[in-house]
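Novice: Position 142 (the sequence shown) corresponds to 142 in full-length UniProt numbering; numbering is contiguous.
We treat Cβ as the ideally placed atom computed from N, Cα and C, and that holds for glycine.
Pasting in a structure now, in structure tokens, and then I'll have a few things to ask.
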Amino acid sequence: MRCPFCGNEDTQVKDSRPTEDNSAIRRRRFCPSCSARFTTFERVQLRELTVVKSNGQREPFDREKLLRSMKIALRKRPIDADRIDRVVNSMVRQLESSGESEIPSKQIGEKIMEALQTMDQVAYIRYASVYKDFREASDFNEFVEQLAPEASPGM
């Protein structure tokens with residue numbers, strides 16, 4: 001593993017242990033060249049996934065991008081980071097075990113929406129406002145009214 005600080009390719013593993021949900025191995029590493037310490041994570045990858053964007057463009061699936069979008073929606077919400085990581089791990093496993101190597105971005109967006117709806121309503125609405133591309137306040141109002149049709153229209 002290359003040192004992220006000095007680029008040395010000869011780093012040493014000082015400690016290895018599984019993550020809490022046993023979905024990855026956490027390794028503490030040491031660089032003998034610059035004496036830096038850093039952490040790496042090793043995860044099982046069942047298959048190479050490609051994301052097919054709505055414009056037809058293809059790009060490699062990036063777990064970190066999915067995690068980042070969930071964290072942005074859940075920013076300043078009372079959701080534990082470990083729970084977010086477990087949900088992302090579950091989504092990645094579902095995508096990898098689907099049998100498809102090309103996944104439409106729309107399918108990934110829908111999975112994120114489903115997960116956020118069960119985790120936190122505010123994060124769900126935040127994500128939906130970007131994912132569904134709200135253009136006006138009326139689009140936002142319509143979406144919120146669909147969530148709680150029994151609520152009064154003057155929310």
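Name the residue from Leu116, Pro78, Thr19 whose alpha carbon lies nearest to the alpha carbon of leucine 66.
Specialist: The shortest Cα separation from leucine 66 among Leu116, Pro78, Thr19 belongs to Leu116.
Novice: Give the straight-line distance between the Cα atoms of serine 90 and arginine 77, rounded to the nearest whole angstrom.
Specialist: Their backbone Cα atoms lie some 21 Å apart in a straight line.
Novice: Within 10 angstroms of the Cβ of alanine 81, are there 16 or more other Cβ atoms? Answer buried if so, exposed if not.
Specialist: By the 10 Å Cβ count, alanine 81 comes out exposed.
Novice: At 3 residues or longer, and completely inside the segment 70–145: list those beta strand (DSSP E) runs for me, N to C.
Specialist: Here the runs fully enclosed are 102–104.
Novice: Among the residues of its own chain, which have a CB less than 6 Å from the CB of glycine 154, if the five just before and after it don't count?
Specialist: Reliability of the predicted coordinates at glycine 154 is poor, the pLDDT of 47 falling under 50, and no value is obtained from them.
Novice: How long is the line joining the alpha carbons of aspartate 21 and cysteine 34, rounded to whole angstroms?
Specialist: Distance between the alpha carbons of aspartate 21 and cysteine 34 is about 32 Å.
Novice: Does the Cβ of serine 152 have 16 or more other Cβ atoms within 10 Å, making it buried, or fewer, making it exposed?
Specialist: Any reading at serine 152 needs caution, since the residue's pLDDT is 47, under 50, leaving its predicted position unreliable; the model's value is listed next. Exposed: under 16 other Cβ atoms inside 10 Å.
Novice: By DSSP's criteria, phenylalanine 61 is part of a beta bridge. Which residues make up the other side?
Specialist: Paired residues: none, contrary to the question.
Novice: Just how far apart, CA to CA, sit cysteine 6 and serine 138?
Specialist: Approximately 52 Å between the Cα atoms of the pair.
Novice: Looking only at its own chain, which residues have a Cβ that is under 6 Å from the Cβ of aspartate 15, when we skip the five neighbours before and after it?
Specialist: Taken in chain order, the residues that qualify are Arg28.
Novice: By Cβ distance, which residues of its chain are closer than 8 Å to arginine 17, with the 5 residues on each side in sequence left out?
Specialist: If we look at arginine 17 and ignore the five residues flanking it on each side, its Cβ neighbours are Ile25, Arg26.
Novice: Give me the residue from Lys53, Glu42, Cys3 with the minimum Cα distance to glutamate 30.
Specialist: Checking the sequence, you will find phenylalanine at residue 30 rather than glutamate. Residue Cys3 is the option with its Cα nearest to phenylalanine 30.
Novice: I'd like the span of the beta strand (DSSP E) that includes valine 52, first residue to last.
Specialist: Its beta strand (DSSP E) spans residues 50–52.
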